[in-house]
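Below is one structure, written out as structure tokens; comments come after it.
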Amino acid sequence: MSDTVIRVENLGKKYRIGIAPEKFPTLRDAIANTLKSPFQRIRKSLPAGKKENAADVIWALNDISFTVDRGQVLGVIGRNGAGKSTLLKVLSRVTEPTEGEVTIRGRVGSLLEVGTGFHPELTGRENIYLNGAILGMKRIDIERKFDEMVAFSGVEKFIDTPVKRYSSGMYLRLAFSVAAHLEPEILVVDEVLAVGDAEFQRKCLGKMSDVAQEGRTVLFVSHDMSAISRLTEETIVLEKGELVYRAPTQQAIDYYMSSGFKTGERVWAADEAPHGAEVPPQAAPFIPLALRVKNAQGQVVDLIRSTQPLTIEIEYRLDEPIQALRVGLYLRNMRGAYVFTAFDTDNPEQYQAMATRPPGHYISRCVIPADILNEGRYALGMNASAYRVKRYFQDLRALVFNVDGTGAPGKQWAENRRGVIRPRLAWEINQVDN
Amino acid sequence: MSELTLQPNQELEITHIKPSRGWSALNLRDIWHYRELVYFLTWRDIKVRYKQTLLGAAWAVIRPLVTMIVFTLIFGHVAKLDSEGVPYELFTFTALLPWQLFSKALSDTSRSMVSNRSMITKIYFPRLVIPFSSIISGLVDFGIAFVILIGMMFYYGVKPTSAIWTLPLFLILALLTALGIGLWFSALNVQFRDVGYIIPFLTQVWLYATPVAYSAQIVSPKWQIVYALNPMAGVVQGFRWALLGTDLGADAATTLSVSILISILILISGLFYFRRMERTFADVV
Chain A
-6 MSDTVIRVEN LGKKYRIGIA PEKFPTLRDA IANTLKSPFQ RIRKSLPAGK KENAADVIWA
54 LNDISFTVDR GQVLGVIGRN GAGKSTLLKV LSRVTEPTEG EVTIRGRVGS LLEVGTGFHP
114 ELTGRENIYL NGAILGMKRI DIERKFDEMV AFSGVEKFID TPVKRYSSGM YLRLAFSVAA
174 HLEPEILVVD EVLAVGDAEF QRKCLGKMSD VAQEGRTVLF VSHDMSAISR LTEETIVLEK
234 GELVYRAPTQ QAIDYYMSSG FKTGERVWAA DEAPHGAEVP PQAAPFIPLA LRVKNAQGQV
294 VDLIRSTQPL TIEIEYRLDE PIQALRVGLY LRNMRGAYVF TAFDTDNPEQ YQAMATRPPG
354 HYISRCVIPA DILNEGRYAL GMNASAYRVK RYFQDLRALV FNVDGTGAPG KQWAENRRGV
414 IRPRLAWEIN QVDN
Chain B
108 MSELTLQPNQ ELEITHIKPS RGWSALNLRD IWHYRELVYF LTWRDIKVRY KQTLLGAAWA
168 VIRPLVTMIV FTLIFGHVAK LDSEGVPYEL FTFTALLPWQ LFSKALSDTS RSMVSNRSMI
228 TKIYFPRLVI PFSSIISGLV DFGIAFVILI GMMFYYGVKP TSAIWTLPLF LILALLTALG
288 IGLWFSALNV QFRDVGYIIP FLTQVWLYAT PVAYSAQIVS PKWQIVYALN PMAGVVQGFR
348 WALLGTDLGA DAATTLSVSI LISILILISG LFYFRRMERT FADVV
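Structure, rendered in structure tokens:
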């Protein structure tokens, strides 16, 4: 028998966004809708009216299936809005799924936020009991663990002071220490480490890995890739509510870092707004169309040889003339360090000539000479702006490409060369004395 | 930490999470499992209630006492309402205690889901725990004010009747009624914040529909059954009957049964409605 403790099958969670969830519905609306509903019911019975308006609905989770074995520490990564938090909320039973099923063997403790239910007027001691009870601990367990929790939090001296007098750091430490002493078979953790100072974060991470070593199952959501790779062996990647990848953590992180940038070309679909919102409406009249990386043979590629020149093309459209426009690039390595910034009108003469760029379809192209970039991954960002007037469009991570170092200077040694560039320098070696 | 190592064959509780449809079972066993949380939340409400107030728990006495004085001046002296042979002050104070317990429990419960939203959106626990715990905390205020009532009875030389043992039953009736309506309102309040505006208005109107300031005997006998549809009428009359020995009316058994029936009806429907709405609380609140 397999030792599966979490089985998620075809899980889906739908949110309605059309009815403006930010606005609290009023009773009047409900009454009005009830009065209107006979007509809606009639309309729904008609075939055309049956389809739900797709624009009103967002699937925060869509057809997700996976299993987690006992004792496994599974990471969950994905961009904002990918559905990570919704997944944890469903697993911890805070909210119900719209479809699908989850089977969980064992008690689930969720740490979606530390300090939930803390009351500012109560003392640290009182809050430990209250918070423990909210998190599902039994009173005798809290009593048994009390000293341990206080010691971990390091607020012994203030334990009988109302927590509203605590510094935010003390508050957080106390809150986390209650949560960290939960002993469920399955622990679900969301981003709690994003808060607190470095010292405290280290302590939390240490506690988390203790938990994992005790053989309990942990689901860990984070944006912090180093925390993910330290704590988890396997990771799933969510994208727009779907599970797109599951692999050992390093592979999953690599996938996540490069997801969406596979081809060496980034295309901004025209008129993709409103909900894609890739190109915000305020970019107009500048409309980005595509960003491409081409090799010396003119093929669009995502892998470039360091020893060959590479061409970068920015394709765009101007719906109206723009004055003093500059369209350009940011090149960064994967650590976020800038390699360079360059604009198509960097040359003063070209800038004069292009003082007003008339409407039309354009391609701005430049060549990065051979033997400049070191091997590794690079992110291309683009920017279209008029200096000190307006930034029309900016995407700092529009495209990612790889540089392969085969044949690059120093390749005879199988070492990683430090530095973002790897120029082929003309060394002279002179013997000045014998 | 050997207690934490899990044996592979250890029996683990299995949870199925799937979309629920239609009406859900009440699952009161879940509440029982979380009874300590009910206790802690009640305890929190009590501890926090008079924090950072100058007069503290004295407020539990001041509120009914001031209302009593106002009622005595207006209804007792100016309007000269009949108080069934009991000093008017005592007559109305005896009614104010269960009434204020009821109205406080009702408004606390109705707001409870929204005021605890941070918990609801972050942690799972049976949601019924919240309205349950906000019902009970008002009993402390009631207890304090009750001491004053005993003092007043002593002062006016009124001896409680032998039926004083029924007092807790009337108290329970008041609380169950408050819980029933509170369940409806707390679930509605999650979606419709109008409830917040309705409650003060409702309790005010309800106060006048309940024989707090006047005697129930001014209602003609043929309307007594209709009047009994308000369970609080039965509670207030019961309090006076048990403590002051006033008349319960000819059809007391019938009217009281109607009151109890109504109260239970509201409670059960409230429980089911709450459970039905519960699944969307975290998304909507």
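Protein sequence lines, in the order shown, are assigned to chains A and B.
The numbering used here puts the first residue of the first sequence at -6, with every later residue one more than the last.
The numbering used here puts the first residue of the second sequence at 108, with every later residue one more than the last.
Every residue, glycine too, gets a C-beta built ideally from N, C-alpha and C.
* Which first and last residues belong to the beta strand (DSSP E) in which Leu318 of chain A is found? -> For this step, residue 318 of chain A is matched to residue 325 along the first sequence. Looking at the DSSP string, the run of the beta strand (DSSP E) that includes Leu318 of chain A is Leu318 to Asn326.
* **As assigned by DSSP and simplified to three states, the class of Phe209 of chain B** => As a working mapping, residue 209 of chain B is identified with position 102 in the second sequence. If DSSP states are grouped into helix, strand and coil, Phe209 of chain B belongs with the helices.
* How many angstroms separate the CA atom of Arg156 of chain B from the CA atom of Tyr164 of chain A? -> As a first step, residue 156 of chain B must be located in the second sequence, where it is residue number 49. As a first step, residue 164 of chain A must be located in the first sequence, where it is residue number 171. If you take the alpha carbons of Arg156 of chain B and Tyr164 of chain A, they lie about 22 Å apart.
* Could you list which residues in chain A have their beta carbon closer than 9 Å to that of Met226 of chain B, in chain order? => One-based indexing of the second sequence puts residue 226 of chain B at position 119. The contacting residues are Thr109, Gly110 and Ile127.
* Unbroken alpha helix (DSSP H) runs of length 4 or more, entirely within the stretch 252 to 291 of chain B: which are they? -> none
* Asked: Expressed to the nearest angstrom, what Euclidean distance is found between the alpha-carbon atoms of Val247 of chain B and Thr225 of chain A?
  -> One-based indexing of the second sequence puts residue 247 of chain B at position 140. One-based indexing of the first sequence puts residue 225 of chain A at position 232. Cα to Cα, the separation comes out at about 50 Å.
* Asked: Could you give the distance in angstroms between the alpha-carbon of Lys7 of chain A and the alpha-carbon of Ile361 of chain A?
  -> Looking up residue 7 of chain A in the first sequence gives position 14. Looking up residue 361 of chain A in the first sequence gives position 368. So the two alpha carbons sit approximately 46 Å from each other.
* Amino acids of chain A, ordered along the chain, whose beta-carbon sits closer than 7 Å to that of Pro126 of chain B -> As a working mapping, residue 126 of chain B is identified with position 19 in the second sequence. Ordered by position in chain A, the residues that pass the 7 Å Cβ test against Pro126 of chain B are Glu89, Pro90, Thr91 and Glu92.
* Flag this pair as touching only if the stretch 144 to 152 of chain A and the stretch 116 to 126 of chain A have three or more C-beta atom pairs under 8 Å; answer yes or no. => With contact defined as three or more Cβ pairs closer than 8 Å, the stretch 144 to 152 of chain A and the stretch 116 to 126 of chain A are in contact.
* Asked: Where DSSP assigns a beta bridge to Asp397 of chain A, which residues make up the other side?
  -> Counting from one through the first sequence, the residue named residue 397 of chain A turns up at place 404. Per DSSP, A:Arg298.
* Thinking C-alpha only, which one of B:Thr149, B:Val185, B:Ile257 and B:Lys158 is nearest Phe200 of chain B? -> For this step, residue 200 of chain B is matched to residue 93 along the second sequence. Measuring from the Cα of Phe200 of chain B, the nearest candidate turns out to be B:Ile257.
* To do: Provide the residue span of the alpha helix (DSSP H) that contains Asn3 of chain A, from first to last.
  => The sequence position of residue 3 of chain A within the first sequence is 10, counting from 1. No alpha helix (DSSP H) contains Asn3 of chain A, which is instead part of the beta strand (DSSP E) from Thr(-3) to Arg9.
* Confirm the yes/no value for this check: CB of Gly245 of chain B, any heavy atom of the ligand SAH, distance under 7 Å. => Ligands displayed in this structure: none; no statement on the ligand SAH is therefore possible.
* Could you tell me whether the Cβ atoms of Ile124 of chain B and Leu235 of chain B are closer together than 8 Å? => Position 17 of the second sequence, counting from 1, holds the residue named residue 124 of chain B. Position 128 of the second sequence, counting from 1, holds the residue named residue 235 of chain B. Not in contact: Ile124 of chain B and Leu235 of chain B (Cβ atoms no closer than 8 Å).
* Asked: What residues match up with Ile414 of chain A in a beta bridge as DSSP calls it?
  -> Reading the first sequence from its first residue, position 421 is the one you call residue 414 of chain A. Its beta-bridge partners are A:Leu366.
* Asked: How big is the Cα-Cα spacing for Ile365 of chain A and Ser299 of chain A?
  -> Locating residue 365 of chain A in the first sequence gives position 372, counting from the first residue. Locating residue 299 of chain A in the first sequence gives position 306, counting from the first residue. So the alpha carbons of these two residues sit roughly 7 Å apart.
* To do: Would you mind stating whether Pro267 of chain B and Met259 of chain B have Cβ atoms separated by less than 8 Å?
  => The residue labelled residue 267 of chain B in the question sits at position 160 within the second sequence. The residue labelled residue 259 of chain B in the question sits at position 152 within the second sequence. No. Outside cutoff.
* Using a Cβ cut-off of 9 Å, pull out every chain B residue sitting near Lys287 of chain A, in sequence order please. => Counting from one through the first sequence, the residue named residue 287 of chain A turns up at place 294. What Lys287 of chain A touches in chain B: nothing, since even the nearest Cβ is about 47 Å away.
* **Same chain only: Cβ atoms within 6 Å of Thr79 of chain A, ignoring 5 sequence neighbours per side** => Position 86 of the first sequence, counting from 1, holds the residue named residue 79 of chain A. Excluding positions up to five away in sequence, the list reads Lys6, Ala53 and Leu54.
* Whose C-alpha, out of A:Asn73, A:Leu212 and A:Glu178, is nearest the C-alpha of Phe59 of chain A? -> In the first sequence, residue 59 of chain A corresponds to position 66, counting from 1. Of A:Asn73, A:Leu212 and A:Glu178, the residue nearest in Cα terms is A:Leu212.
* To do: Determine which residues share a DSSP beta bridge with Arg358 of chain A and list them.
  => Within the first sequence, the letter at position 365 stands for residue 358 of chain A. BP columns for Arg358 of chain A point to A:Glu306.
* Inter-stretch contact at 8 Å, needing at least 3 Cβ pairs: the stretch 103 to 111 of chain A / the stretch 164 to 182 of chain A -> yes
* Asked: Taking Cβ positions only, does Asp396 of chain B come closer than 8 Å to chain A?
  -> Chain B is shown from 108 up to 392; residue 396 of chain B falls before or after that span and cannot be answered.
* Asked: Residues of chain B with CB under 9 Å from Leu115 of chain A, in chain order?
  -> Taking the first residue of the first sequence as position 1, residue 115 of chain A is located at position 122. Near Leu115 of chain A (Cβ distances below 9 Å), the residues of chain B are Arg151, Lys154, Val155 and Lys158.
* To do: Mind reading off the beta-carbon distance from Gly377 of chain B to Ile288 of chain B? Whole number of angstroms is fine, and I expect it under 8 Å.
  => Locating residue 377 of chain B in the second sequence gives position 270, where the first residue counts as 1. Locating residue 288 of chain B in the second sequence gives position 181, where the first residue counts as 1. Contact check for Gly377 of chain B and Ile288 of chain B: beta-carbon distance about 7 Å, within the 8 Å limit, so the pair qualifies.
* Give me the Cα-Cα distance between Lys77 of chain A and Gly71 of chain A, rounded to the nearest whole angstrom. => Indexing the first sequence from 1 puts residue 77 of chain A at position 84. Indexing the first sequence from 1 puts residue 71 of chain A at position 78. It is roughly 7 Å from the alpha-carbon of Lys77 of chain A to the alpha-carbon of Gly71 of chain A.
* Rounded Cβ spacing between Tyr309 of chain A and Tyr249 of chain A (contact assumed at less than 8 Å) -> Sequence index remark: in the first sequence, residue 309 of chain A carries index 316 (1-based). Sequence index remark: in the first sequence, residue 249 of chain A carries index 256 (1-based). That belief does not hold up - the Cβ atoms of Tyr309 of chain A and Tyr249 of chain A are roughly 28 Å apart, past 8 Å.
* Asked: In terms of residues, what are the limits of the alpha helix (DSSP H) holding Ile305 of chain B?
  -> Here residue 305 of chain B refers to the residue found at position 198 when the second sequence is read from its first residue. Segment Val302 to Tyr315, the alpha helix (DSSP H) holding Ile305 of chain B.
* On a CA-only basis, which of B:Phe308, B:Ala359 and B:Pro307 is nearest Pro328 of chain B? Give me that one, please. => The residue you call residue 328 of chain B lines up with position 221 of the second sequence. In this structure, B:Ala359 is the residue among B:Phe308, B:Ala359 and B:Pro307 with its C-alpha nearest to the C-alpha of Pro328 of chain B.
* Asked: Since Gly147 of chain A and Ile135 of chain A are thought to touch, with beta carbons under 8 Å apart, how far apart are those beta carbons, to the nearest angstrom?
  -> The residue you call residue 147 of chain A lines up with position 154 of the first sequence. The residue you call residue 135 of chain A lines up with position 142 of the first sequence. At roughly 18 Å, the Cβ-Cβ gap does not stay under 8 Å, so Gly147 of chain A and Ile135 of chain A are not in contact.
* Mind listing the chain A neighbours of His123 of chain B? Cutoff is C-beta to C-beta under 9 Å, in chain order. => Counted from its first residue, the second sequence places residue 123 of chain B at position 16. The contacting residues are Glu94, Val95, Thr96 and Ile97.
* Distance CB(Ala285 of chain B)-CB(Ala212 of chain B) smaller than 8 Å -> Taking the first residue of the second sequence as position 1, residue 285 of chain B is located at position 178. Taking the first residue of the second sequence as position 1, residue 212 of chain B is located at position 105. Yes, the pair counts as a contact, with Cβ atoms nearer than the cut-off.
* To do: Assuming Ala220 of chain A contacts Thr228 of chain A (C-beta within less than 8 Å), just tell me the rounded distance between them.
  => Looking up residue 220 of chain A in the first sequence gives position 227. Looking up residue 228 of chain A in the first sequence gives position 235. Actually they are not in contact, since the Cβ atoms of Ala220 of chain A and Thr228 of chain A sit about 11 Å apart, beyond 8 Å.
* Asked: In chain order, what residues of the same chain lie with their CB nearer than 8 Å to the CB of Val319 of chain B, ignoring the 5 residues before and after it?
  -> Position 212 of the second sequence, counting from 1, holds the residue named residue 319 of chain B. The beta carbon of Val319 of chain B sits closer than 8 Å to the beta carbons of Phe178, Thr199, Ala202, Leu203, Trp206 and Val343 from its chain, once the five residues preceding and following it are set aside; these are given in chain order.
* Asked: For the alpha helix (DSSP H) that Trp348 of chain B lies in, which residues bound it at each end?
  -> Locating residue 348 of chain B in the second sequence gives position 241, where the first residue counts as 1. Here the alpha helix (DSSP H) through Trp348 of chain B covers Pro338 to Leu351.
* Test: Leu309 of chain B CB closer than 8 Å to a CB of chain A -> Locating residue 309 of chain B in the second sequence gives position 202, where the first residue counts as 1. Chain A contact via Cβ: absent.
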